[in-house]
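In UniProt numbering, the protein residues as written are 1 to 156.
Every residue gets a Cβ at the ideal spot worked out from N, C-alpha and C, and that includes glycine.
Below is one structure, written out as structure tokens; comments come after it.
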């Protein structure tokens, strides 16, 4: 399994994968235009040229980023694809100097195995709720808020 940065050629496949989960109420739907605009945020795993898993690291502020749109084809679940994508997002956050990564999820057990801890939603800054108005569950969010703290780099 190889995690790579997404390319323009991946956009329609990412869109289809993410929205297949959104149709089941498992995540927020993403318009095609939004995926094009944010393609640099995405990591993918491809198999035989097809995207079978994706996730995005979206920068919110100088010290805050979000892992979002994590989706793995049903036939590829429970094979560490999701974990590998989260690791790639956290590695990039660390390289960028971001100290906190958060997610809003229906899968808190999975994210806890990746080192995230559950927090009260009110602990997150208001700016993270910018997309929530599009959610059919707004304002009654039933997702879990979770954070991952990245230790500051120690200068040698």
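Quick one: what does DSSP say residue 116 is sitting in, helix, strand or coil? coil
Could you compute how far the alpha carbon of residue 74 sits from the alpha carbon of residue 21? 10 Å
Between the alpha carbons of residue 7 and residue 18, how many angstroms are there, rounded? 16 Å
For residue 115, I'd like the list of residues in its chain whose CB is within less than 6 Å of its CB, leaving aside the five on either flank, ordered along the chain. 148
Please state whether the Cβ-Cβ distance between residue 70 and residue 98 is less than 8 Å. no
For the putative contact between residue 67 and residue 101, defined by C-beta atoms under 8 Å, what is the C-beta separation to the nearest angstrom? 6 Å
For residue 160, which residues in the same chain have their Cβ closer than 7 Å to its Cβ, ignoring the five residues on either side in sequence? No statement about residue 160 is possible, as the shown extent of the chain runs from 1 to 156 and does not include it.
Using CA atoms only, rank isn't needed, just tell me which of 142, 120 and 53 is closest to residue 3. 53
Within this structure, are the beta carbons of residue 56 and residue 41 separated by less than 8 Å? Taking C-beta atoms as the reference points, residue 56 and residue 41 count as a pair closer than 8 Å.
Where residue 152 sits in the DSSP three-state scheme: Note: residue 152 maps to coil in three-state DSSP.
Relative to the C-alpha of residue 9, which candidate in 85, 25 and 36 has its C-alpha closest? 36
When the Cα atoms are used, what is the spatial distance from residue 156 to residue 50? Because residue 156 carries a pLDDT of 42, less than 50, the predicted location of this residue cannot be relied on, and the following value inherits that uncertainty. Approximately 42 Å between the Cα atoms of the pair.
Are residue 144 and residue 118 closer than 8 Å when you measure CB to CB? yes
For residue 174, does the three-state DSSP call read helix, strand or coil? No answer is possible for residue 174: the residues shown for the chain start at 1 and end at 156.
Euclidean distance between Cα positions of residue 77 and residue 46: 14 Å
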